[in-house]
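Reading through the structure tokens given below for one structure.
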Amino acid sequence: MNLSGKRILIIKQSSLGDVVHTLPLAHALKRCYPTCHIGWIVQRSFSGLLEPDPSVDEIIPIFIPSTSDPGAPKGAFKAAAQATWKTLRELRNKFRLKPYDFVLDLHASFRSGLLALTNPGGLRVGFADAKELNTWFQHDRLVPEPDRPHAVDKNLLFATHLGCTPEADDFRLVVSPEAREKVRRFLQESGVRTECKIVYANPAARWETKFWTIQAWAEFADLVIEKMDAMVVFAGSRDDSSYIQAIAERMKNTPVIAAGRLNLAEAVALLEASDIYVGVDSGPMHIAAFTGTPVVALFGPTDPDKVGPYGDGHRVIRRTDLDCLSCRKRSCSDRICLEGIAAETVFQETVEVLSQRAPQETFDPSRNSHFSAKIENSGKC
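In our numbering, the protein residues as written are 4 to 384.
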């Protein structure tokens with residue numbers, strides 16, 4: 004199958020981690036077929052991840068409110084239905100003028116099936132195990148391989164189906180020079196010295212069951228600052244700021260707080276500049292893995308075999324004495340799966356992962372942009 008000059012539409016609206024898992028597919032297809040045109044339907048809040056990526060020729064941002072978040076407001080279903088109908092009309096009008104030859108539905112939901120139908124004609128491809136009647140909308144249905152359960156491998160079935168074999172370079176995220184410069188200035192203004200290792204700490208997630216405890220985070224961050232030549236940078240969205248502030252108030256030392264101060268593209272640059280990611284199962288964890296930054300991840304309600312940090316050199320911390328692991332519950336009255344993980348355990352794993360990195364990996368200015376900043380040695384670390 005030759006897709007040269009063909010128009011390929013990817014449907015993967017959310018969430019952040021799922022969009023990251025789909026990027027290697029776009030990279031592989033553009034490498035195999037440089038003259039193809041790749042469009043991507045994505046939730047507006049995640050479009051910043053795609054903007055600097057030359058593999059994506061057309062970003063089609065949409066906004067449909069979430070109905071699955073535990074904090075979804077009253078009336079979310081009505082708002083989502085209205086937004087869906089509006090989006091379908093707009094896409095139908097858009098694609099009628101210039102349709103796509105292939106529609107790759109990686110979101111695998113009823114709604115994404117409707118989005119795929121807005122493109123007149125073309126070959127629609129989806130998963131054979133998709134739920135919510137999504138298979139009804141597809142011409143070709145790809146069967147996942149049981150011995151390769153990770154979401155990234157599952158998504159790459161689309162590349163194989165279209166005659167393209169993934170390569171190592173397909174698994175790297177593109178970071179814009181502007182975002183790198185913003186992060187360099189941010190770290191400089193925050194007083195982080197060039198010789199400091201940066202521990203990117205991500206304590207928040209969409210599911211409340213993925214949260215570690217405030218006290219454990221405070222103890223861990225104090226251990227890093229006191230026992231390592233490192234600075235802890237707590238990152239997240241503006242909505243995470245109060246939670247992160249509560250952690251900082253429990254600490255004996257002062258961390259850097261980046262939550263709400265960087266946009267998505269800049270957060271990617273910060274992850275690239277960091278020496279290690281330590282945090283819960285979330286979108287930034289997957290971004291870290293695809294920027295070459297090693298990961299120490301805390302898992303409980305989700306399965307690391309399916310959605311863990313992709314690639315080598317990462318570490319997953321997970322209790323082994325519970326029957327309820329990988330329950331996929333978004334709320335729980337007894338969150339023992341993460342609460343039973345000690346701060347000292349996470350600290351020791353962090354030290355070990357960092358010790359296994361080659362020196363040039365840690366201090367390469369071409370990758371870790373913060374090392375090129377001229378910062379006075381009187382700063383934090």
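Cβ coordinates follow ideal geometry from the N, Cα and C atoms, glycine included.
*According to DSSP, residues forming a beta bridge with P64*: Your numbering for residue 64 matches position 61 in the sequence shown. DSSP, once it has assigned bridges, lists V45 as partnering P64.
_Proximity winner among W43, A292, R322, K383, relative to R175 (alpha-carbon distances)_ = Working through the sequence shown from its first residue, we reach residue 175 at position 172. Residue A292 is the option with its Cα nearest to R175.
*Report all residues from its chain with a CB closer than 6 Å to the CB of H30; omit the five preceding and five following residues, and keep chain order.*
Counting from 1 along the sequence shown, the entry for residue 30 is found at position 27. Once the five neighbours on either side are set aside, the close Cβ partners of H30 are S58, D173.
*When the Cα of K89 is compared with those of A204, G78, P149, F66, which residue comes out closest?*
Here residue 89 refers to the residue found at position 86 when the sequence shown is read from its first residue. Comparing Cα positions, the closest option is F66.
*With burial defined as no fewer than 16 other Cβ atoms inside 10 Å of the residue's Cβ, what is the status of S381: buried or exposed?*
Counting from 1 along the sequence shown, the entry for residue 381 is found at position 378. Model confidence at S381 stands at a pLDDT of 44, short of 50, so the residue's coordinates are unreliable; what they give is reported in the following sentence. That one is exposed.
*Going by alpha carbons, who is nearest to K383 out of V236, L26, G129, L165?*
As a working note, residue 383 is residue 380 in the sequence shown. Taking only the C-alpha atoms, the option nearest K383 is V236.
*Selection from G316, H153, S115 that minimises the alpha carbon distance to R138*: Numbered from its first residue, the sequence shown carries residue 138 at position 135. Note that residue 138 is Thr in the sequence shown, not Arg. Minimum Cα distance to T138 is reached at S115.
*How is N380 classed by DSSP in three states: helix, strand or coil?*
Here residue 380 refers to the residue found at position 377 of the sequence shown. Since pLDDT at N380 reaches only 39, below the 50 mark, its modelled position is unreliable, and no value is offered.
_CB-CB length for F302 against G311, believed under 8 Å_ = As a working note, residue 302 is residue 299 in the sequence shown. As a working note, residue 311 is residue 308 in the sequence shown. At roughly 7 Å, the Cβ-Cβ gap stays under 8 Å, so F302 and G311 are in contact.
*Got a sec? Which residues, its chain only, sit under 6 Å from R241 by beta carbon, not counting five neighbours each side?*
Taking the sequence shown and counting its residues from 1, one reaches residue 241 at position 238. Here the set comprises G263.
*So L357 and K213 are in contact, right, with Cβ under 8 Å, and what is the actual spacing, rounded?*
Translated into positions along the sequence shown, residue 357 becomes position 354. Translated into positions along the sequence shown, residue 213 becomes position 210. The pair is not a contact, with the Cβ atoms about 23 Å apart (cut-off 8 Å).
*Report all residues from its chain with a CB closer than 6 Å to the CB of L107; omit the five preceding and five following residues, and keep chain order.*
For the purposes of this step, residue 107 is identified with residue 104 of the sequence shown, where counting begins at 1. Correct list, in chain order: I13, V128, F161.
*Report the rounded CA-to-CA distance for I63 versus I228, giving the unit in angstroms.*
Counted from its first residue, the sequence shown places residue 63 at position 60. Counted from its first residue, the sequence shown places residue 228 at position 225. Their backbone Cα atoms lie some 43 Å apart in a straight line.
*Does the beta-carbon of W80 have 16 or more other beta-carbons within 10 angstroms, so that it is buried, or is it exposed?*
As a position in the sequence shown, residue 80 is number 77, starting the count at 1. Sequence inspection shows Phe at residue 80; the Trp mentioned does not correspond to that position. The residue is exposed, with fewer than 16 neighbouring Cβ atoms inside 10 Å.
_Host beta strand (DSSP E) of G129 (start-end)_ = Along the sequence shown, one-based indexing puts residue 129 at 126. Here the beta strand (DSSP E) through G129 covers 126-130.
_For Y280, the residue or residues it bridges with in DSSP_ = Translated into the one-based positions of the sequence shown, residue 280 becomes position 277. Residue pairing from DSSP places Y280 in a beta bridge opposite Y203, V298.
*Just the Cα atoms here: how many angstroms apart are P206 and A270?*
Taking the sequence shown and counting its residues from 1, the one referred to as residue 206 is at position 203. Taking the sequence shown and counting its residues from 1, the one referred to as residue 270 is at position 267. Straight-line Cα distance between these residues: approximately 14 Å.
*K309 and A133 look like a contact to me (Cβ under 8 Å); what is the Cβ gap, rounded to whole Å?*
If you number the sequence shown from 1, residue 309 lands on position 306. If you number the sequence shown from 1, residue 133 lands on position 130. Not confirmed; about 15 Å, so no contact.
*Measuring CA to CA, which of V202, D243, W210, P37 is closest to K230?*
Residue numbering aside, residue 230 sits at position 227 when the sequence shown is read from its first letter. Per the C-alpha coordinates, the member of V202, D243, W210, P37 positioned closest to K230 is V202.
*Taking the CB atoms as reference points, tell me whether A276 and V186 lie closer together than 9 Å.*
Translated into positions along the sequence shown, residue 276 becomes position 273. Translated into positions along the sequence shown, residue 186 becomes position 183. Yes, the pair counts as a contact, with Cβ atoms nearer than the cut-off.
_Looking at the strands, I want to know which residues DSSP matches up with F105._
If you number the sequence shown from 1, residue 105 lands on position 102. DSSP lists I11, L126 as partners of F105.
*Does DSSP put R114 in a helix, a strand or coil?*
Position 111 of the sequence shown holds residue 114. In the structure shown, R114 sits in a helix (DSSP, three-state: H, G or I).
*Classify I228 as helix, strand or coil using the three-state DSSP reduction.*
Numbered from 1 along the sequence shown, position 225 holds the residue referred to as residue 228. I228 falls in the helix class under three-state DSSP.
*Mind pulling the alpha helix (DSSP H) runs of 4 or more residues that sit fully within the region 293-341?*
307-310
*Simplified DSSP state of G150, which is helix, strand or coil*: Within the sequence shown, numbered from 1, the residue matching residue 150 stands at position 147. According to the sequence displayed, residue 150 carries Asp and not Gly. In this structure, D150 counts as coil in the three-state DSSP scheme.
*Terminal residues of the continuous beta strand (DSSP E) containing F237?*
Taking the first residue of the sequence shown as position 1, residue 237 is located at position 234. The continuous beta strand (DSSP E) containing F237 extends over residues 233-237.
*In the DSSP assignment, find the unbroken alpha helix (DSSP H) run with D21 in it and report its ends.*
Within the sequence shown, residue 21 is the residue found at index 18, counting from 1. First-last of the alpha helix (DSSP H) with D21: 19-35.
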